[in-house]
Amino acid sequence: MNAEKLYNSLPVPLQNAACSLVGWRIQRTRFDARFAQMLAEAQQRAAWPPERRLEYRDQRLRAFVRHAAETVPYYRDLFREQNIDPGNIRALDDLKQLPILTKAEVQRQGDRMLSEAVATSQRVMAHTSGTTGGGLRFATTADAVREQWAVWWRYRRWHGIEPGTWCGYFGGRSVVPLGQQGPPWWRYNRPGRQILFSGYHLSPENMPAYVDQLRRRRPPWLHGYPSLLALLASYLLDSGEELGYALKAITIGAENLLPQQAALIERALGIRPRQHYGMAEAVANISETPDGTLMVDEDFAAVEFLPTNNGQHRIIGTNFSNPATPLLRYDVQDLATLEPKRGRDSFAGNRPSGCFAQKSPVPFLALRTVAAIDGRREDYVVLPGGARVGRMDHIFKDLTNIREAQIHQRHAERITIRVVRGGAYTEADEQRLLEETRSRLGREIGIEIEYVDRLPRSSTGKLRLVVSELEGGHITPEGAHGNR
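Just add 43 to the spot in the sequence shown (first one is 1) and you have this note's numbering.
As structure tokens, then:
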């Protein structure tokens with residue numbers, strides 16, 4: 044019996060204990076004294092003058108490029124074959140000497156992407172799926188994970204959220220067995236101060252139980268996928284109900300926050316949702332400041348914005364916090380719309396963002412800002428019972444032999460998963476794909492797998508993971524939900 048089946052077989056109190064055990068382990072290893080030190084340092088950097096932050100970024104970049112060229116087989120060969128001197132890469136603009144790195148290339152290179160200077164015992168495995176459905180597993184380090192979370196908690200503290208604040212979490216974790224017939228539709232991670240609400244049972248019939256639990260526990264902070272928080276907001280507005288208490292903060296992650304979703308959530312819950320942009324590969328990070336500015340975190344990664352033909356910019360990043368798997372000029376396959384006269388490697392003409400470093404009276408300037416990020420816009424999968432499920436990328440997290448995938452729904456009774464196979468793809472991968480999909484969508488909906496050589500892109504070159512032709516599951520490009 045695998046871990047998920049064992050968990051699903053447990054009674055609810057033991058499932059709560061299992062969630063809390065995982066939360067305790069995370070608190071002990073990720074949020075330790077070293078993390079507290081990194082968080083304090085990150086907050087101090089936010090108050091630095093612009094010149095000092097740019098120099099800090101470029102110093103890290105120079106050292107990181109040398110590290111990659113000297114210790115990573117892939118980069119050692121690349122620099123030699125293309126006759127590139129690592130010493131000539133001294134600032135952000137110098138990275139243009141290097142080719143852009145794709146996820147497919149990282150997958151092909153495998154262990155040749157690993158640094159020989161980081162011992163196996165120091166590596167921590169991470170994985171991601173991204174918006175294209177192709178899984179990627181890579182090595183990082185415990186300190187790299189801590190630094191990423193330090194930057195994320197710096198952003199949260201800007202919005203008044205302190206470590207230890209209870210959070211109502213609406214995400215993609217399968218904490219409630221899919222076949223469960225009645226509430227509770229949530230589980231507890233007590234060490235992490237989280238109420239983990241199932242994102243797979245948000246049907247109109249179940250929504251009153253969700254709202255009642257929020258009223259009883261009154262978590263001051265809600266965090267999750269905007270598609271799920273928008274469902275909660277829609278229910279409150281349609282039913283005429285109110286949450287019944289004042290929230291302190293709403294933050295979103297994993298998906299692009301659409302303007303309509305933000306307006307819907309604010310209207311129903313009385314507070315504006317805040318967003319940040321990041322990914323497991325740690326090649327870019329963009330945080331919303333208290334005045335609503337989406338600011339590039341220059342001290343965390345080297346981020347480039349490459350113009351496209353339609354006025355948007357591709358996000359290309361270098362993860363100088365992860366020495367185990369250096370990624371230089373990695374294409375995250377997302378797009379950004381830059382603010383006018385912004386997005387350049389200069390702070391000239393930028394106004395103060397209005398944001399303050401924690402416990403510091405010194406305001407800082409947002410060096411580069413973006414107006415919007417495009418790349419995580421997805422429709423819902425509508426189940427036969429009416430529940431809508433968003434953010435389906437978890438299905439593909441460990442399916443590394445799938446290059447790309449897209450879920451397409453024309454009928455409420457079935458979905459089609461279009462798959463671009465990798466060279467090592469086998470029938471076992473197909474079976475795993477079906478099992479992972481069934482574990483999240485159940486057995487009432489039909490699943491068809493269609494193998495294709497390539498998947499269609501949007502006019503902006505993006506691949507959407509979930510495309511629905513059903514009114515109840517469609518999110519238009521402008522962000523309007525089809526059922527409203």
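Note that the Cβ used here is the ideal one computed from N, Cα and C, for glycine as well.
- Secondary structure within the stretch 276-325: the beta strand (DSSP E) runs of 3 or more consecutive residues, fully enclosed, are 292-295, 316-320 (chain order).
- Check the Cα spacing between A276 and each of A305, A252, L442, R233: the tightest is with A305.
- Here C210 is bridged, per DSSP, to Q237, W264.
- Inclusion of I238 and G207 in the CB contact set at 7 Å is not warranted, their separation being larger than that value.
- Residue state for T72 is assigned as helix, using DSSP reduced to three classes.
- Judged by DSSP secondary structure, H451 falls within the beta strand (DSSP E) whose first and last residues are 445-454.
- Around G313, the same chain offers L286, A289, L290 as residues with beta carbons nearer than 8 Å, after the five sequence neighbours per side are excluded.
- Within the model, the alpha-carbon separation for E124 versus Q303 is close to 49 Å.
- When the Cα atoms are used, Y468 and A147 turn out to be separated by approximately 14 Å.
- Nearest to W195 by alpha-carbon distance, out of N249, T294, P220, E284, is T294.
- Setting aside the 5 residues that flank it on each side, L279 is surrounded in the same chain by V254, E285, L286, A311, L312, each with a C-beta closer than 8 Å to its C-beta; the list follows chain order.
- L410 sits close to P93, with the two beta carbons spaced by under 7 Å.
- Beta-bridge partners of D374 (DSSP): I359.
- The stretch 445-464 makes no contact with the stretch 220-228, as fewer than three CB pairs between them are under 8 Å.
- Leaving aside the five residues that flank R119 on each side, the residues in its chain whose CB is nearer than 8 Å to its CB run, in chain order, A112, E113.
- Approximately 6 Å separates the beta-carbon atoms of S364 and F343; this is inside 8 Å, confirming the contact.
- Inclusion of S164 and P366 in the CB contact set at 7 Å is not warranted, their separation being larger than that value.
- Taking each of N45, L477, Y268, L442 in turn and checking the Cα distance to T459, the smallest one comes out for L477.
- Distance from the CA atom of G466 to the CA atom of D472, rounded to whole angstroms, is 12 Å.
- Rounded to whole angstroms, the gap between the alpha carbons of E324 and T171 is 8 Å.
- The continuous alpha helix (DSSP H) containing V149 extends over residues 146-152.
- In this chain, the beta strand (DSSP E) harbouring E347 covers 345-350.
- Taking C-beta atoms under 8 Å as the contact rule, S270 and G433 qualify, at a distance of about 3 Å.
- Rounded to the nearest whole angstrom, the CA to CA distance from Q140 to A345 is 14 Å.
- With contacts defined by Cβ atoms closer than 7 Å, R497 and I143 do not form a contacting pair.
- I416 is positioned such that its CB atom lies no closer than 7 Å to that of Y268.
- Excluding its 5 nearest sequence neighbours in each direction, G354 has C-beta neighbours in its own chain below 8 Å: T380, listed in chain order.
- A Cβ-Cβ contact shorter than 7 Å links T368 with M156.
- Distance from Q70 to G235 at the Cβ level is roughly 6 Å; contact confirmed, criterion being Cβ atoms closer than 8 Å.
- DSSP lists F240 as the bridge partner or partners of W229.
- Counting other Cβ atoms within 10 Å of its Cβ, A89 reaches 16 or more and is therefore classed as buried.
- The DSSP-derived three-state label of I458 is strand.
- Counting only the Cα atoms, G242 lies some 21 Å from H454.
- For D422, the closest of P316, L301, H266 by C-alpha to C-alpha distance is L301.
- Each of L307, L442, T145, V108 was checked against the Cα of D128, and the nearest Cα belongs to V108.
- Nearest to Q318 by alpha-carbon distance, out of L307, P333, V326, is P333.
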